[in-house]
Amino acid sequence: MSPAEGDLADRPVAGATLRVTVDRDACCGAGNCVRTAPEVFDQDDADGLVLLRRAEPPPGSVDAVHRAVELCPSGAIRVT
Amino acid sequence: MTRAVEAELPLWPPVNLARGPFALLDESERDRYVGPVTRVRLPTGHAAWLVTRHADVRQLLRHPGFSSDLTRPGFPLLRPLPPQAPEDVKGSFIRMDGAEHARLRRMLTAEFMIKNVRRIEPLIRQTVDESLTDLAAAGPPADLVSTFALPLPSMVICHLLGVPYADHDFFQSRSRALLDQQTSPEVLRTAVQELRDYIRGLIGAKRAHPDGSEDLLSRLIAERVEPGELDVDELVGMALLLLIAGHETTANMIGLSVLLLTRHPGQFTILRDEPDRAAGVVEELLRYLSIVRTGLFRAATEDAEIGGQLIRAGEGAIVLISLANRDAAVFDDGDDFDPYRQAHQHVAFGFGVHQCIGQPLARAELRIALVELARRFPDLRVAAAPQELRTRDNSIVFGLDALPVTW
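These protein sequence lines map, in sequence, to chains A and B. In terms of this note's numbering, the first sequence has 19 at position 19, counting the first letter as 1, and numbering is strictly consecutive. In terms of this note's numbering, the second sequence has 1365 at position 365, counting the first letter as 1, and numbering is strictly consecutive.
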């Protein structure tokens, strides 16, 4: 399965609570997630790698989180 | 495939000055190159796979079975590699894979984070203001590339790195040679060595006289080189990469953006009248102009299926981010520039772990440069016929050699 298909398949049904996990080993620090959903993602001052501000984003951030998953160049963000 | 058959393959990249700066391929080229995965011949005589669809481009660039190491068997080369000593390539993490790549990239990642780029926005703004004040004082006509588009990102990256901007003629001429596909192996090697010697000299001087400077080279020397984590030659390669990537790309984006936006005065004034739209316009400019047009180059290290095509270990692949950015499956009427488009899915900065590390800096420079230009020069227009504009068709980074403007 291609990563693009994986992104879509991972999408939960609307209204369900979203849980975000990040993989700092995979992260390349490009910062797309912080640009897309700054209320959920941050970057470490020391190494620039992803930090999670909230593992369960508020309903208003759900679309932005899905977009961040789609834009992440290294596939470092997972939602369940 | 036999060599006789490979000689029949279409040559990549095609040289076609007639199609102008905004069309990626003409109709007959489209038939030859858009496959979605097609076999092409390179100027070096080797064959490679050309990948053009947005989904395939993303899949390949994120696939662990494709290497950026250009010494790998089958790596697609547009020009012969010069004979290289190991110290010629040290620190050039754009050519590395896996842990080796991550080790060096991660020493720089924090530097270009959005929050750190926000801190240097006043510097970008001041540099833009001063350049535009000088431009206004000198009066029309002017060449926008040499007076603004090139000096701006060059000054900013020099300031960040701690490289004297006064040396810009030296490093700009050599970095152009590095990016020119027609540069001979001998000239290429000399240019690389001169640039590396130059940066090694700067590092030597900073080490001999540490003055607590806050520039990136000084900090990497103090935090990484002196404790023994990083070799001087590695730092030389890293700094060289940032110096070249830091000015060539943004400079060419500014020139082409002004040419495009001033063709439709309504589009240029959006930047002045709707500054909140500027970030979105920049994304659409990045998508539409996609200045890395010859593609991104990889060698397969394992068999992989991309776009229905089996690419075998030891074969080369060229990923066309420019065509992916016009893929109808993602962008409606992708060959049209639309300043109101949601262009965020573009891959102009690449994809995968090599995606441009300086993208927040590039976005800030483009937004500030273009908005201020539109605000201070609302009547800016190009003072040359389209056929008089020389494009950099032989460069790995597409752009304009010069852009005569008046106002």
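All C-beta atoms in this analysis are idealised placements derived from N, C-alpha and C, irrespective of residue type, glycine included. It should be emphasised that the depicted structure is a prediction, and the values quoted were computed from it without experimental measurement.
Host alpha helix (DSSP H) of residue i (start-end)
{"i": "A:Val-34", "result": "32–36"}
{"i": "B:Val-1282", "result": "1278–1289"}
{"i": "A:Ile-77", "result": "From DSSP, A:Ile-77 is part of no alpha helix (DSSP H) but of the beta strand (DSSP E) over 77–79."}
{"i": "B:Thr-1269", "result": "1265–1273"}
Exposure of residue i, with buried meaning 16 or more beta-carbon neighbours within 10 Å
{"i": "B:Tyr-1340", "result": "exposed"}
{"i": "A:Asn-32", "result": "buried"}
{"i": "B:Asp-1327", "result": "buried"}
{"i": "B:Glu-1388", "result": "exposed"}
{"i": "B:Ala-1348", "result": "buried"}
{"i": "B:Gln-1355", "result": "buried"}
{"i": "A:Ala-37", "result": "buried"}
{"i": "B:Asp-1250", "result": "According to the sequence displayed, residue 1250 of chain B carries Thr and not Asp. By the neighbour-count rule (16 or more Cβ atoms within 10 Å), B:Thr-1250 is buried."}
{"i": "A:Cys-72", "result": "buried"}
{"i": "A:His-66", "result": "buried"}
{"i": "B:Thr-1294", "result": "buried"}
{"i": "B:Val-1015", "result": "exposed"}
Residue range of the unbroken beta strand (DSSP E) whose run includes residue i
{"i": "A:Gln-43", "result": "41–43"}
{"i": "B:Thr-1249", "result": "No beta strand (DSSP E) holds B:Thr-1249; the alpha helix (DSSP H) holding it covers 1232–1261."}
{"i": "B:Val-1015", "result": "B:Val-1015 -> no beta strand (DSSP E), and no H or E assigned at all."}
{"i": "B:Gln-1309", "result": "1309–1311"}
{"i": "A:Leu-52", "result": "50–52"}
{"i": "A:Ala-64", "result": "It is not in any beta strand (DSSP E) - A:Ala-64 instead sits in the alpha helix (DSSP H) that spans 62–71."}
{"i": "B:Pro-1404", "result": "1404–1406"}
{"i": "B:Arg-1041", "result": "1037–1041"}
{"i": "B:Ala-1047", "result": "1047–1051"}
Rounded straight-line distance, which links the Cα of residue j to that of residue i
{"i": "B:Met-1001", "j": "B:Gly-1074", "result": "Reliability of the predicted coordinates at B:Met-1001 is poor, the pLDDT of 47 falling under 50, and the value obtained from them is presented with this limitation in mind. Answer to the nearest angstrom: the Cα atoms are 14 Å apart."}
{"i": "B:Gly-1246", "j": "B:His-1344", "result": "22 Å"}
{"i": "B:Leu-1061", "j": "A:Ala-76", "result": "14 Å"}
{"i": "B:Pro-1064", "j": "B:Thr-1269", "result": "44 Å"}
{"i": "B:Glu-1248", "j": "B:Leu-1150", "result": "7 Å"}
{"i": "B:Val-1080", "j": "B:Asp-1134", "result": "Here the sequence assigns Pro to residue 1080 of chain B, which means Val is not the residue at that position. Cα to Cα, the separation comes out at about 42 Å."}
{"i": "B:Leu-1144", "j": "B:Ala-1136", "result": "12 Å"}
{"i": "B:Val-1282", "j": "B:His-1046", "result": "36 Å"}
{"i": "A:Pro-3", "j": "B:Gly-1352", "result": "Legend: pLDDT at A:Pro-3 = 44, less than 50; position of this residue unreliable, value from coordinates given subsequently. Computed Cα separation, rounded: 11 Å."}
{"i": "B:Met-1253", "j": "A:Arg-53", "result": "34 Å"}
{"i": "B:Arg-1118", "j": "B:Leu-1050", "result": "38 Å"}
{"i": "B:Leu-1400", "j": "B:Ile-1291", "result": "10 Å"}
{"i": "A:Glu-56", "j": "A:Phe-41", "result": "11 Å"}
{"i": "B:Glu-1121", "j": "A:Asp-23", "result": "30 Å"}
{"i": "B:Arg-1219", "j": "B:Arg-1207", "result": "11 Å"}
{"i": "B:Gly-1212", "j": "B:Ala-1222", "result": "9 Å"}
{"i": "B:Glu-1365", "j": "B:Ala-1007", "result": "44 Å"}
Residue-chain proximity (residue i, chain C), Cβ-Cβ < 8 Å
{"i": "A:Ala-68", "result": "Absent from the structure is chain C; the protein chains it does hold are A and B."}
Check: residue i C-beta below 7 Å from any heavy atom of the ligand ADP
{"i": "B:Arg-1118", "result": "The ligand ADP is absent from the structure shown, which contains no ligand whatsoever."}
For this session: Mind listing, in chain order, the continuous alpha helix (DSSP H) runs of no fewer than 4 residues lying wholly within the region 1057–1108 of chain B?
Result: 1086–1089, 1098–1105
Exercise. Looking at chain B, which residues of the region 33–63 of chain A have a Cβ within less than 9 Å of any of its Cβ atoms?
Worked result: Val-34, Arg-35, Thr-36, Pro-38, Asp-42, Gln-43, Asp-44, Asp-45, Ala-46, Asp-47, Gly-48, Leu-49
Exercise. Unbroken alpha helix (DSSP H) runs of length 4 or more, entirely within the region 1294–1377 of chain B: which are they?
Worked result: 1321–1324, 1359–1376
Exercise. What are the start and end residues of each continuous alpha helix (DSSP H) run of 4 or more residues lying completely inside the region 1203–1231 of chain B, in chain order?
Worked result: 1216–1220
For this session: Enumerate, from N- to C-terminal direction, the unbroken alpha helix (DSSP H) stretches of 4 or more residues contained entirely within the region 1133–1182 of chain B.
Result: 1151–1161, 1168–1179
For this session: Select from the region 1337–1363 of chain B all residues with a C-beta closer than 9 Å to any C-beta belonging to chain A, and list them in chain order.
Result: His-1344, Gln-1345, Val-1347, Phe-1349, Gly-1350, Phe-1351, Gly-1352, Val-1353, His-1354, Gln-1355, Cys-1356, Ile-1357, Gln-1359, Pro-1360, Arg-1363
Problem set entry | Residues within the region 1098–1114 of chain B neighbouring chain A, beta-carbon criterion of under 7 Å | Arg-1105, Arg-1106, Thr-1109, Ala-1110, Met-1113, Ile-1114
Exercise. Using Cβ-Cβ distances below 8 Å, what residues of the region 1060–1072 of chain B are close to chain A?
Worked result: Leu-1061, Arg-1062
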